[in-house]
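The working numbering applies: residue 33 is where the sequence shown begins, and numbers increase by one.
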Amino acid sequence: MNATRSRPPTMGDIAARAAVSTATVSYVLNDTPGNRIPEETRRRVLAAAEDLGYVPHTSARSLRTGRSDLVLFAMPATTLGPLASRFFTGLAEELRALGYTLILHGDPEQRGAKAARAWAGLRPAAVIAEGRRLTPSAVSLLTGAGAVPLALGHAPRKGVPALVLDHFGMGETGGRHLVEQGCTDIAALVPRAPVVKEMGEERLAGLAKAAAGVRVRRTDMDETPEDAARVVAEWAEQGMPDGVYGYNDEFAGLLLGALADAGVDVPGRVRLVGTDDLPLCEMLRPRLTSVGLRPVLSVGEVAAHIAALVSGEADPAESIRAWEPELRRRGSA
C-alpha cells in the first residue's frame, strides 16, 4: 500500500492499478450477478484492492442495496452482565464471519418511533432492541426501512422475532426450588428503578406461578445496603419470611449482608436464591444459590439465524431460544 496517499483509495485507483474499467472493478467488488468477468481479471482487481487498502463505502453500499451490513444492538437500559457481555462479543465475531458488523448504538431511554428513526438512519440490516422499545410504530418504521427488528427478551407482538431471555422462567425456577426446600412464606425482591422494574415483575410472575400454593410477598427495594437493611428491619417487625427470591445476585447479596447484620441465619432461618449466577455468588458466605442461564444454542447458531432472518430464509415468527434457566445450588438454599 502507498504510505504517502493522502486520501482513501477509490475504485478509479483500483481500475488504474489493475488496468481495467471502473465498471469492471464495481462488478468484481460487489460480486454483481450476471457479469462474466474472467477469473484472471477478477484476481487482478482483488489483488489491486488489497494492495491499495480499499474499503467499500458504507453509504454507497446502502444506496445500492437499500441497507448496510450493520446489525445494530440498541444500548440496553441495564448494564450488561458477564454472561451477556461474553455472548455479544462472540456474536460480533460470528456475524463478522458472515459479512455483518455488530455495533452498539443509541440512547437507552429512547423507544418507539423516535428511537426507530435514529436506528433506521444507519440503514441497518437488523436491529436488536429490548422488546419494550419495539412499539408497533417502531416495528413499522424499521421494516419499512428494510431492517429486521429482533426483540431482546421476548417478542412484543406476533410476527416480531425475539432473542429470548426467559425472565418468567428464571423466576419460576427460583420459586420452584424454594417451594421444594419447604418454604411457605416467600418474599420476592423487585427493583424500584423504572428501567428494570418490568424485568423484575416478569421474574416475580414466574415465581408466583411456581409458588401458587404458598404465601408470596412482593418486596420493592433499591439496590443499596441501606434499603436492604430497611427491608430486613420491616420483616423483623411484621414476620420474617422463610424464603427470599432476589431479582438479581446483587440484590440477593445486599440482602444476605443485611440478614447477617441482623443475626438472621441463612439458610437455617431464611433460604435465599439470587438470579444471574454471577461470580459474586462464589464470593459470598454462605455461597449464593442462583438461577443462571444454560446455553442451548451456540453463538454461531444464533448469528446464522440472524443472517437467515435478514435474507428472508428464516420464519420471522420463530424466536431464537439460545438459553434456558438453570438452578446452580450453593449454600444459601
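For every residue, glycine included, the Cβ atom is placed at its ideal position computed from N, Cα and C.
So what does DSSP say about residue i, is it helix, strand or coil?
| i | result |
| --- | --- |
| E350 | coil |
| R149 | helix |
| A51 | coil |
| S100 | coil |
| A292 | helix |
| G44 | helix |
| S322 | strand |
| L95 | Annotation note: pLDDT 45 at L95 (below 50); position unreliable, coordinate value reported separately. In the structure shown, L95 sits in a helix (DSSP, three-state: H, G or I). |
| D252 | strand |
| A365 | coil |
| V211 | helix |
| L154 | coil |
| H337 | helix |
| V263 | helix |
| G206 | helix |
| T175 | helix |
| V298 | coil |
| A284 | helix |
| P257 | helix |
| A268 | helix |
| H199 | helix |
| A187 | coil |
| R68 | coil |
| T110 | coil |
| R37 | With a pLDDT of only 46 at R37, under the threshold of 50, the placement of this residue in the model should not be trusted, and no figure is reported. |
| L310 | coil |
| R118 | helix |
Is residue i near the ligand PLP, with its Cβ less than 8 Å from a heavy atom?
| i | result |
| --- | --- |
| R319 | Among the components modelled here there is no ligand, and therefore nothing to report on the ligand PLP. |
Pick out whichever of the options has its Cα sitting closest to the Cα of residue i.
| i | options | result |
| --- | --- | --- |
| F367 | E234, V227, G206, V211 | Nothing about residue 367 can be reported from this structure: the residues present for the chain run from 33 to 365 only. |
| R189 | G206, V211, E162 | E162 |
| C313 | A346, L166, V328, D281 | D281 |
| L236 | D198, E258, Q213, D259 | D198 |
| L104 | D83, A152, D297 | A152 |
| G344 | V180, G206, P357 | V180 |
| A210 | V331, S100, R165, A244 | One point to set straight first is that residue 210 is Leu, not Ala, in the sequence displayed. Of V331, S100, R165, A244, the residue nearest in Cα terms is A244. |
| A109 | W267, L310, P140, L61 | P140 |
| R303 | V60, E204, G138, G363 | G363 |
| T73 | A268, L291, V52, S58 | V52 |
| R262 | G185, R49, L291, L166 | L291 |
| Y21 | V57, V246, P168 | Only positions 33 to 365 of the chain appear in this structure, which leaves residue 21 out of reach. |
| G206 | T54, L316, A240, Y59 | A240 |
| G232 | R165, L102, G306 | G306 |
| V228 | G185, P257, G214 | G185 |
| P114 | A260, P311, A106 | P311 |
| D293 | F119, V264, A177 | V264 |
| T175 | R155, A187, A194 | R155 |
| I352 | I69, E71, I160 | I160 |
| T256 | P168, P41, V171, A225 | A225 |
| A268 | D309, L195, G278, D297 | D297 |
Run through the DSSP bridge pairs and tell me what residue i is partnered with.
| i | result |
| --- | --- |
| W355 | P327 |
| E126 | Answer is none; E126 lacks a bridge partner. |
| P181 | V159 |
| Y277 | A220, V305 |
| F105 | L136, I160 |
| R360 | S322 |
| R247 | D217 |
Tell me which residue opens and which closes the alpha helix (DSSP H) that residue i is part of.
| i | result |
| --- | --- |
| E345 | Neither: E345 is in no alpha helix (DSSP H) and is coded neither H nor E. |
| P226 | 226-242 |
| A79 | 71-84 |
| T167 | Premise fails: T167 is in no alpha helix (DSSP H) and is neither H nor E. |
Check for me: the beta strand (DSSP E) holding residue i runs from which residue to which?
| i | result |
| --- | --- |
| R317 | Counting along the chain, R317 falls outside any beta strand (DSSP E), and DSSP gives it neither H nor E. |
| V196 | 194-196 |
| H137 | 133-137 |
Quick check: the stretch 206-223 against the stretch 277-290, are there 3 or more CB pairs under 8 Å?
As far as the Cβ criterion goes, the stretch 206-223 touches the stretch 277-290, which means the pair count is three or higher.
Are the stretch 68-85 and the stretch 42-49 touching by the rule of at least three beta carbon pairs closer than 8 Å?
yes
Would the stretch 345-365 and the stretch 311-325 be scored as touching if the rule is three or more Cβ pairs under 8 Å?
yes
Spell out a yes or no on whether the stretch 328-337 and the stretch 118-126 are touching, meaning 3 or more CB-CB pairs, one atom from each, closer than 8 Å.
yes
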